[in-house]
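Colleague: Dropping a structure here in structure tokens format, bear with me for questions.
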Amino acid sequence: RDLVPDPLFVAMGQMKPCSLIESDRVGCYKARPLGFTGMSCKHCGGQPGFGKYFPETVRSLAQTTTSQTILKHIGSKCRFCPSNIR
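All the letters of the sequence shown, read from the start, carry residue numbers 2 to 87 under the working numbering.
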């Protein structure tokens with residue numbers, strides 16, 4: 002907890018586990034098997050790359066790009082995220 006900035010900690014708390022389905026197989030997720038575990042926005046459910054993410058490894062989850070994309074989604078893109086969380 003001490004190693005994660007507060008805004009990222011809050012943003013990650015707005016995600017829920019999900020499983021990859023056929024319609025999620027786009028872009029870099031094309032090669033992921035059906036049922037692959039990922040995470041999606043608990044407010045809107047997300048779309049691949051927009052509130053729905055399937056990082057292949059812990060290292061890819063820790064990359065700045067992924068964490069910044071999640072922060073941006075929760076902070077400004079998700080229309081269903083409550084304002085007190087943004």
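Backbone N, C-alpha and C define an ideal beta-carbon position, used for all residues, glycine too.
All values reported here derive from a predicted model rather than from experimental measurement.
Taking 7 Å as the cut-off, is the C-beta of V27 nearer than that to any heavy atom in the ligand SAH?
Modeller: In the structure shown, the ligand SAH is absent, as is every other ligand, since no ligand is present at all.
Colleague: Quick check on the burial criterion: 16 or more other C-beta atoms within 10 angstroms. Buried or exposed for F55?
Modeller: Translated into the one-based positions of the sequence shown, residue 55 becomes position 54. F55 is buried by the Cβ-count criterion.
Colleague: Nearest by alpha-carbon distance to P8: which of S84, I75, Y30 and G47 is it?
Modeller: What you label residue 8 is simply residue 7 of the sequence shown in a count that begins at 1. Of the candidates S84, I75, Y30 and G47, the one whose C-alpha sits nearest the C-alpha of P8 is I75.
Colleague: At the level of alpha carbons, what is the spacing between V27 and I86?
Modeller: As a first step, residue 27 is located in the sequence shown; it is residue number 26 there, counting from the start. As a first step, residue 86 is located in the sequence shown; it is residue number 85 there, counting from the start. Put simply, the backbone Cα of V27 is about 29 Å away from that of I86.
Colleague: Using CA atoms only, rank isn't needed, just tell me which of F81, L4 and L21 is closest to G50.
Modeller: Position 49 of the sequence shown, counted from the first residue, corresponds to residue 50. It is L21.
Colleague: For A32, is the classification buried or exposed, using 16 other Cβ atoms within 10 angstroms of its Cβ as the cut-off for buried?
Modeller: For the purposes of this step, residue 32 is identified with residue 31 of the sequence shown, where counting begins at 1. Exposed.
Colleague: State the CB to CB distance for the pair K1 and S41, rounded to an integer number of angstroms; the pair is presumed to be in contact (CB under 8 Å).
Modeller: Here the chain has residues from 2 to 87 only, and residue 1 is not among them.
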